[in-house]
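Structure, as structure tokens:
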Amino acid sequence: MTFDLPFIIINLALVFYSIGVWSERFSGQLKPWHLAFFWLGIICDTWGTGLMLEMAGGLTFDIHGVSGLIAIVLMLIHAVWATAVLIKKDVHLIHTFHKFSVGVWVIWLIPYFSPMFFALA
26 MTFDLPFIII NLALVFYSIG VWSERFSGQL KPWHLAFFWL GIICDTWGTG
76 LMLEMAGGLT FDIHGVSGLI AIVLMLIHAV WATAVLIKKD VHLIHTFHKF
126 SVGVWVIWLI PYFSPMFFAL A
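Under my numbering, the first residue of the sequence shown carries the number 26, and numbering increases by one thereafter.
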């Protein structure tokens with residue numbers, strides 16, 4: 026495994042998840058293609074995180090490790106719930122789901138940016 030691969034994959038997670046979350050927010054309703062980007066984001070995040078855990082020798086119980094675990098769990102809940110909303114065709118939730126999406130996205134940014142902040146400190 027090259028050193029760059031996990032970072033490329035994590036950055037793809039940021040791109041995919043951001044496209045899904047913000048396009049849903051701007052459109053004002055959850056659509057199937059948003060859901061596809063949510064799932065692509067979580068797949069890349071989980072894959073990239075797994076590769077980084079391999080490099081680090083396991084999970085660290087610091088702000089980065091704990092917030093990263095919380096973020097992956099929230100992303101999974103988010104994607105599963107979005108899937109259920111679209112399957113049920115719940116019109117109210119289709120139009121308000123973006124509020125939850127943006128919240129999960131903001132929480133996801135904590136483990137994404139924390140290594141940069143800790144490196145600067």
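We treat Cβ as the ideally placed atom computed from N, Cα and C, and that holds for glycine.
Within the region 88-142, not a single complete beta strand (DSSP E) segment reaches 3 residues in length.
DSSP places Thr-85 outside both helix and strand once states are collapsed to three, so it counts as coil.
Assigned with DSSP and collapsed to three states, Asp-29 falls in coil, not helix or strand. Between Cys-69 and Ile-97, the C-beta spacing is not below 7 Å.
The beta carbons of Leu-94 and Val-129 sit about 14 Å from each other, so the pair does not count as a contact at 8 Å. In this structure, the beta-carbon distance from Gly-45 to Phe-63 falls below 7 Å. The beta carbons of Ile-88 and Ser-139 sit about 6 Å from each other, so the pair counts as a contact at 8 Å.
Excluding five sequence positions before and after Lys-124, none of the CB atoms of its chain fall closer than 7 Å to its own CB.
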